[in-house]
Amino acid sequence: MSILLMSEPTTIKSSKTHARWDYLDQLESESIHILREVAGQFERPALLFSGGKDSIVLTHLALKAFRPGKFPFPLVHIDTGHNFKEVLDFRDKLAYEFGEKLIVRQVLDSIKKHRLQDAKGKFPSRNALQTYALLDVIEEFEFDACIGGARRDEEKARAKERIFSHRDEFGQWDPKKQRPELWSIYNGKLHKGENMRCFPISNWTELDIWNYIKRENIELPSIYFSHERQCVLTEGGQLLAVTEHIRLDHEDEIVTKNVRFRTVGDSTCTAAVESNAFTLDDIIEDIIAAKVSERGATRLDDRISEAGMEDRKKNGYF
Amino acid sequence: MDILRFITCGSVDDGKSTLIGRLLFDSQAVSLDILNAIERQTKNKANGTIDLSLLTDGLRAEREQGITIDVAYKYFTTKKRKFIIADAPGHVQYTRNMVTGASNADLAIVLIDARQGVIEQTRRHSLISSLLGIPRIVVAINKMDLVGFDPSVFEQIVADYKILAAQLGLTDLKFIPMSALNGDNVVEKSEKLAWYDGETLLEYLENVQVSADTNTTDARFQVQYVIRPRDEEYHDYRGYAGRIQSGVYRVGDKVAVHPSGIESTISRIETNLRDVKEAHVGQSVVLHLADDIDISRGDSIVTIGENTEATVSNEVEAHICWFDERQTLHEGTKLLLQNGANSVKAIVREIEYKYDISTLEKVSAVGDRGAAAKLNDIVKVLLKTAKPIVFDNYSQNRQTGSFILINENTCNTVAAGMISGKYNVDDFEI
Numbered sequence: 001m002s003i004l005l006m007s008e009p010t011t012i013k014s015s016k017t018h019a020r021w022d023y024l025d026q027l028e029s030e031s032i033h034i035l036r037e038v039a040g041q042f043e044r045p046a047l048l049f050s051g052g053k054d055s056i057v058l059t060h061l062a063l064k065a066f067r068p069g070k071f072p073f074p075l076v077h078i079d080t081g082h083n084f085k086e087v088l089d090f091r092d093k094l095a096y097e098f099g100e101k102l103i104v105r106q107v108l109d110s111i112k113k114h115r116l117q118d119a120k121g122k123f124p125s126r127n128a129l130q131t132y133a134l135l136d137v138i139e140e141f142e143f144d145a146c147i148g149g150a151r152r153d154e155e156k157a158r159a160k161e162r163i164f165s166h167r168d169e170f171g172q173w174d175p176k177k178q179r180p181e182l183w184s185i186y187n188g189k190l191h192k193g194e195n196m197r198c199f200p201i202s203n204w205t206e207l208d209i210w211n212y213i214k215r216e217n218i219e220l221p222s223i224y225f226s227h228e229r230q231c232v233l234t235e236g237g238q239l240l241a242v243t244e245h246i247r248l249d250h251e252d253e254i255v256t257k258n259v260r261f262r263t264v265g266d267s268t269c270t271a272a273v274e275s276n277a278f279t280l281d282d283i284i285e286d287i288i289a290a291k292v293s294e295r296g297a298t299r300l301d302d303r304i305s306e307a308g309m310e311d312r313k314k315n316g317y318f
Numbered sequence: 319m320d321i322l323r324f325i326t327c328g329s330v331d332d333g334k335s336t337l338i339g340r341l342l343f344d345s346q347a348v349s350l351d352i353l354n355a356i357e358r359q360t361k362n363k364a365n366g367t368i369d370l371s372l373l374t375d376g377l378r379a380e381r382e383q384g385i386t387i388d389v390a391y392k393y394f395t396t397k398k399r400k401f402i403i404a405d406a407p408g409h410v411q412y413t414r415n416m417v418t419g420a421s422n423a424d425l426a427i428v429l430i431d432a433r434q435g436v437i438e439q440t441r442r443h444s445l446i447s448s449l450l451g452i453p454r455i456v457v458a459i460n461k462m463d464l465v466g467f468d469p470s471v472f473e474q475i476v477a478d479y480k481i482l483a484a485q486l487g488l489t490d491l492k493f494i495p496m497s498a499l500n501g502d503n504v505v506e507k508s509e510k511l512a513w514y515d516g517e518t519l520l521e522y523l524e525n526v527q528v529s530a531d532t533n534t535t536d537a538r539f540q541v542q543y544v545i546r547p548r549d550e551e552y553h554d555y556r557g558y559a560g561r562i563q564s565g566v567y568r569v570g571d572k573v574a575v576h577p578s579g580i581e582s583t584i585s586r587i588e589t590n591l592r593d594v595k596e597a598h599v600g601q602s603v604v605l606h607l608a609d610d611i612d613i614s615r616g617d618s619i620v621t622i623g624e625n626t627e628a629t630v631s632n633e634v635e636a637h638i639c640w641f642d643e644r645q646t647l648h649e650g651t652k653l654l655l656q657n658g659a660n661s662v663k664a665i666v667r668e669i670e671y672k673y674d675i676s677t678l679e680k681v682s683a684v685g686d687r688g689a690a691a692k693l694n695d696i697v698k699v700l701l702k703t704a705k706p707i708v709f710d711n712y713s714q715n716r717q718t719g720s721f722i723l724i725n726e727n728t729c730n731t732v733a734a735g736m737i738s739g740k741y742n743v744d745d746f747e748i
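Top to bottom, those sequences are chains A and B. 1 is the number of the first residue of the first sequence in the working numbering; add one for each residue after it. 319 is the number of the first residue of the second sequence in the working numbering; add one for each residue after it.
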């Protein structure tokens with residue numbers, strides 16, 4: 001007895017294959033589809049813009065999704081106060097050139113408002129404190145969806161997160177209660193006060209991002225490319241930029257090296273890597289040859305515990 | 319270079335995590351720091367090897383219990399392809415997670431422990447693969463080292479699986495004997511399995527054709543978002559943004575807009591901020607029509623005449639997999655049906671039968687309180703929607719034949735649906 005569920009095989013009627021339709025086109029189209037789903041399903045979405053390469057790619061994809069119309073969301077930047085100046089300048093320039101609305105909120109304001117303990121120590125990271133500012137800005141503007149540039153290849157907890165990731169009214173992620181997400185159907189239904197985090201480039205890897213930046217000729221902040229910089233050598237052997245936000249001690253070894261940044265975050269917890277990559281081609285070669293993952297190379301905060309990201313996400317972090 | 323999306327079906331006991339770890343490790347997708355972290359975690363370092371299965375366990379609860387709970391997505395690239403792995407848990411209580419991972423897969427790897435052969439779990443995984451319309455199956459017969467690399471064991475399992483596959487209508491099959499633990503036939507060919515002269519798993523994954531699966535004939539498009547800048551420069555601009563679900567669209571094509579049925583002509587197609595004469599399945603585009611018609615999100619624009627017409631109906635027959643652990647599905651249950659960008663209220667008119675997912679037989683869904691579906695049940699239902707929806711049979715079109723059901727009270731996704739046709743309401747009401 002046969003119990004054929006499908007009466008006929010999947011349709012296979014292939015016509016000519018299309019000349020230029022490679023993996024980057026497929027990723028790009030998927031991301032545009034997700035951005036338009038966010039625009040179609042939510043009343044007050046926002047795009048979280050850090051000035052990093054991933055969120056720059058997001059804005060570029062938004063151009064393709066919505067032009068000649070305006071973006072149906074503002075760009076929102078949570079400024080830790082520890083950002084690199086090059087990145088902040090780039091942020092302002094991009095928003096101006098695109099003619100899109102930019103909302104900037106300071107972590108320091110949230111620290112004062114909630115009487116929080118500011119980050120302390122030698123390399124004070126406001127990374128975890130960003131969550132307060134994020135939740136504050138969501139409340140202030142009643143955002144029901146926040147678009148972010150997280151990728152699933154970055155980290156183990158992210159690898160399990162949905163593209164539409166539901167957060168409760170406290171901004172918390174519950175990994176055990178994730179909604180099943182099937183095909184390319186995204187369930188954006190929310191109760192009042194809840195929030196969706198939406199990740200259009202979930203399926204891109206670091207290398208995909210760089211190949212796309214090259215193909216599309218996307219401009220980036222200068223610190224992504226090799227430059228000479230004074231750095232302090234940390235105990236873990238990482239290079240941290242010398243800025244006014246970190247505390248230098250006598251025994252610290254200060255070195256001047258050709259470095260670049262693989263990710264752009266807080267200057268106090270985002271390490272530089274030694275590099276002579278001056279062009280996009282050099283960077284792509286660098287990454288292919290690199291033996292250490294993006295977060296592993298550059299994030300001091302993920303090393304603290306095996307479940308570092310999972311815990312931060314549960315508390316409302318991106 | 320293109321993308322291959324595949325799902326791995328099996329449990330930890332079958333060596334699934336080890337297999338994925340091996341693929342990532344041998345294809346050099348694992349970086350040193352991650353390897354170091356795993357080395358630190360590997361409990362049994364006695365034999366000098368590291369536990370590759372730790373590469374895939376993401377959440378704390380999973381590490382604590384040594385199981386996979388949720389679908390994890392993993393990525394690797396070779397010179398030939400980018401691969402997206404949906405690593406789904408294998409146990410029966412996680413059927414919904416496997417269904418989730420299977421929904422986007424071009425290919426399924428069904429793992430079989432060579433010592434056990436085809437077991438209940440194999441049937442269930444194959445049933446779900448068939449139901450979700452995954453066009454091809456790799457049967458990875460693992461742990462060959464534990465049966466002395468005996469070819470007769472392999473051949474018996476192949477014969478057994480072919481019977482199962484015939485029952486399910488699975489035709490595109492590839493059988494590979496391997497030992498994921500030692501890397502035999504995963505990436506590198508194995509001398510111990512010299513009697514097998516076929517491709518290794520990675521060779522097969524790199525070379526298998528997937529583009530042929532796409533439906534390139536029936537033109538289907540759903541509006542996600544209407545672009546209307548309303549400024550001076552683009553005063554009359556009105557573009558319908560969406561991703562082509564199947565087929566090809568050309569400027570000049572005669573189209574019908576559903577569910578209204580109003581006809582018009584495609585006057586312009588934009589993609590990548592440029593005008594093009596035609597666009598194909600998968601592309602995100604903006605379509606313009608010659609006539610000023612009232613069109614909103616969720617409406618479909620389909621070409622008239624030259625290809626199979628889409629079905630427009632409010633009576634839908636479908637297989638659904640029920641996901642809700644708290645509430646069961648009954649006849650009369652009202653839900654929200656979302657198919658792509660469209661949402662509509664729906665009511666369950668009838669639950670025809672359910673599958674016994676171990677024996678693959680259709681059995682009665684009637685219990686103490688009438689016909690019902692509980693968590694992980696796969697049932698055949700007749701649904702009635704508040705407004706007509708535009709669809710094709712899932713076997714013809716995975717994009718337009720699929721939907722999810724949402725509980726309007728909890729907002730949760732409670733079922734995945736695969737449409738098998740429209741039913742005739744007159745027959746039904748006798």
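Using N, Cα and C, we set each Cβ at its ideal position, and we do this for glycine too. All of these numbers come straight from a predicted model, not from anything done at the bench.
Within 10 Å of its beta-carbon, does residue 53 of chain A have 16 or more other beta-carbons around it, so buried, or fewer, so exposed?
Start at 1 with the first residue of the first sequence, and residue 53 of chain A comes out as number 53. Classification of residue 53 of chain A: buried, given that the 10 Å Cβ count is 16 or more.
In chain order, what residues of the same chain have a beta carbon less than 6 Å from the beta carbon of residue 728 of chain B, not counting five sequence neighbours either side?
Here residue 728 of chain B is taken as the residue at index 410 of the second sequence, counted from 1. Nothing meets the Cβ criterion.
Closest by C-alpha distance to residue 400 of chain B, when choosing among A/203, A/215, A/271:
Translated into positions along the second sequence, residue 400 of chain B becomes position 82. When only C-alpha atoms are compared, the closest one is A/203.
Buried/exposed call for residue 217 of chain A, threshold 16 Cβ in 10 Å
Taking the first sequence and counting its residues from 1, one reaches residue 217 of chain A at position 217. Exposed, because fewer than 16 other Cβ atoms sit within 10 Å of the Cβ of residue 217 of chain A.
Going along the chain, which unbroken runs of the alpha helix (DSSP H) with 4 or more residues stay wholly within the region 143-222 of chain A?
206-216
For the structure I just gave you, are there three or more beta carbon pairs, one from the region 106-113 of chain A and one from the region 70-82 of chain A, closer than 8 Å?
yes
Residue 319 of chain B CB to nearest chain A CB: under 9 Å?
As a working note, residue 319 of chain B is residue 1 in the second sequence. With 9 Å as the cut-off, residue 319 of chain B counts as an interface residue toward chain A.
According to DSSP, residues forming a beta bridge with residue 562 of chain B
In the second sequence, the residue the question calls residue 562 of chain B occupies position 244. For residue 562 of chain B, which the question treats as bridged, DSSP gives the partners B/539.
Ranges of the beta strand (DSSP E) found wholly within the region 564-648 of chain B, counting only runs of at least 3:
566-568, 572-576, 580-589, 592-594, 596-598, 602-607, 618-621, 629-640
Nearest-angstrom Cα distance between residue 395 of chain B and residue 675 of chain B?
Here residue 395 of chain B corresponds to residue number 77 of the second sequence, with the count starting at 1. Here residue 675 of chain B corresponds to residue number 357 of the second sequence, with the count starting at 1. Taking the straight line from one Cα to the other gives about 35 Å.
Using the beta-carbon of each residue, which ones in chain A are nearer than 8 Å to residue 547 of chain B?
Position 229 of the second sequence, counting from 1, holds the residue named residue 547 of chain B. Those are 68, 69, 70, listed as they occur along chain A.
Under a CB-based cut-off of 9 Å, is residue 327 of chain B close to chain A?
For the purposes of this step, residue 327 of chain B is taken as residue 9 along the second sequence, with counting starting at 1. Output row for residue 327 of chain B: interface = no.
Excluding the five sequence neighbours on either side, which residues of its own chain have a C-beta within less than 6 Å of the C-beta of residue 8 of chain A, listed in chain order?
Residue numbering aside, residue 8 of chain A sits at position 8 when the first sequence is read from its first letter. Because the pLDDT of residue 8 of chain A is 39, which lies under 50, any placement of that residue in the model is unreliable, and the number read from its coordinates should be weighed accordingly. Excluding residues within five positions, none has a Cβ falling inside 6 Å.
Hey, how far is the Cα of residue 86 of chain A from the Cα of residue 178 of chain A?
Numbered from 1 along the first sequence, position 86 holds the residue referred to as residue 86 of chain A. Numbered from 1 along the first sequence, position 178 holds the residue referred to as residue 178 of chain A. About 38 Å.
Assuming contact is defined by CB atoms lying nearer than 9 Å, are residue 48 of chain A and residue 200 of chain A in contact in what I supplied?
Numbered from its first residue, the first sequence carries residue 48 of chain A at position 48. Numbered from its first residue, the first sequence carries residue 200 of chain A at position 200. For residue 48 of chain A and residue 200 of chain A, no; Cβs fall outside 9 Å.
Check whether the region 186-198 of chain A and the region 128-145 of chain A touch, using three or more Cβ-Cβ pairs below 8 Å as the test.
yes
Cβ-Cβ distance between residue 704 of chain B and residue 732 of chain B below 9 Å
Taking the first residue of the second sequence as position 1, residue 704 of chain B is located at position 386. Taking the first residue of the second sequence as position 1, residue 732 of chain B is located at position 414. No, they are not a contact pair.
Which residue comes first and which comes last in the alpha helix (DSSP H) that contains residue 60 of chain A?
Counting from one through the first sequence, the residue named residue 60 of chain A turns up at place 60. That run of the alpha helix (DSSP H) goes 53-66.
Which same chain residues end up closer than 8 Å to residue 483 of chain B when comparing Cβ atoms and leaving out the 5 residues on each side of it in sequence?
Counting from 1 along the second sequence, the entry for residue 483 of chain B is found at position 165. Counting only Cβ-Cβ distances below 8 Å, and skipping sequence neighbours, we find 444, 455, 489, 491.
Find out if the Cβ-Cβ distance for the pair residue 536 of chain B, residue 629 of chain B is shorter than 9 Å.
Taking the second sequence and counting its residues from 1, one reaches residue 536 of chain B at position 218. Taking the second sequence and counting its residues from 1, one reaches residue 629 of chain B at position 311. Contact: no.
Opening and closing residue of the beta strand (DSSP E) in which residue 77 of chain A lies:
Counting from one through the first sequence, the residue named residue 77 of chain A turns up at place 77. Residue 77 of chain A -> beta strand (DSSP E) spans 75-79.
Could you give the distance in angstroms between the alpha-carbon of residue 133 of chain A and the alpha-carbon of residue 140 of chain A?
Here residue 133 of chain A is taken as the residue at index 133 of the first sequence, counted from 1. Here residue 140 of chain A is taken as the residue at index 140 of the first sequence, counted from 1. In a straight line, the C-alpha of residue 133 of chain A is about 10 Å away from that of residue 140 of chain A.
With DSSP collapsed to three states, give me the class of residue 236 of chain A.
If you number the first sequence from 1, residue 236 of chain A lands on position 236. Coil at residue 236 of chain A, not helix or strand.
Taking only beta-carbon positions, decide if residue 500 of chain B is within less than 9 Å of chain A.
Mapped onto the second sequence, residue 500 of chain B falls at position 182. It does not: the Cβ of residue 500 of chain B has no partner Cβ on chain A nearer than 9 Å.
Taking 9 Å as the CB-CB limit, is residue 179 of chain A close to chain B?
What you label residue 179 of chain A is simply residue 179 of the first sequence in a count that begins at 1. So yes, residue 179 of chain A belongs to the interface.
With respect to the beta strand (DSSP E) encompassing residue 469 of chain B, which residues constitute its N-terminal and C-terminal limits?
Position 151 of the second sequence, counted from the start, is the residue given in the question as residue 469 of chain B. Segment 469-486 is the alpha helix (DSSP H) holding residue 469 of chain B; no beta strand (DSSP E) there.
Run down chain A in chain order and give the residues with a C-beta less than 7 Å from the C-beta of residue 422 of chain B.
For the purposes of this step, residue 422 of chain B is taken as residue 104 along the second sequence, with counting starting at 1. Ordered by position in chain A, the residues that pass the 7 Å Cβ test against residue 422 of chain B are 183.
Taking the DSSP output, what are the residues bridged to residue 724 of chain B?
In the second sequence, residue 724 of chain B corresponds to position 406, counting from 1. Answer is B/654, B/731, bridged to residue 724 of chain B.
Measuring only between beta-carbons, confirm whether residue 414 of chain B sits less than 9 Å from chain A.
Sequence index remark: in the second sequence, residue 414 of chain B carries index 96 (1-based). So yes, residue 414 of chain B belongs to the interface.
For residue 230 of chain A and residue 246 of chain A, which I take to be in contact (beta-carbon distance under 8 Å), what is that distance rounded to the nearest angstrom?
Here residue 230 of chain A corresponds to residue number 230 of the first sequence, with the count starting at 1. Here residue 246 of chain A corresponds to residue number 246 of the first sequence, with the count starting at 1. Not really, about 11 Å apart at Cβ, beyond 8 Å.
Classify residue 61 of chain A as buried or exposed, calling it buried when 16 or more other Cβ atoms lie within 10 Å of its own Cβ.
Here residue 61 of chain A refers to the residue found at position 61 when the first sequence is read from its first residue. Buried, since its Cβ has 16 or more Cβ neighbours within 10 Å.
Ordered along the chain, which non-local residues of its own chain (more than five positions away) have a Cβ less than 6 Å from that of residue 514 of chain B?
Here the question's residue 514 of chain B lines up with position 196 in the second sequence. Excluding positions up to five away in sequence, the list reads 495.
The beta strand (DSSP E) with residue 431 of chain B in it runs from where to where?
Sequence index remark: in the second sequence, residue 431 of chain B carries index 113 (1-based). 425-431 is the span of the beta strand (DSSP E), which, as asked, contains residue 431 of chain B.
Excluding the 5 residues preceding and the 5 following residue 363 of chain B in the sequence, name in chain order all residues of the same chain whose CB lies nearer than 6 Å to its CB.
Position 45 of the second sequence, counted from the first residue, corresponds to residue 363 of chain B. Confidence is the limiting factor: at residue 363 of chain B the pLDDT is only 48, short of 50, which leaves the residue's position unreliable, though a coordinate-based value still follows. Around residue 363 of chain B: no qualifying Cβ.
CA nearest to the CA of residue 449 of chain B, picked from B/739, B/740, B/735:
The count along the second sequence starts at 1 and reaches residue 449 of chain B at position 131. Minimum Cα distance to residue 449 of chain B is reached at B/735.
For the putative contact between residue 460 of chain B and residue 333 of chain B, defined by C-beta atoms under 8 Å, what is the C-beta separation to the nearest angstrom?
By 1-based counting over the second sequence, the position of residue 460 of chain B is 142. By 1-based counting over the second sequence, the position of residue 333 of chain B is 15. At roughly 5 Å, the Cβ-Cβ gap stays under 8 Å, so residue 460 of chain B and residue 333 of chain B are in contact.
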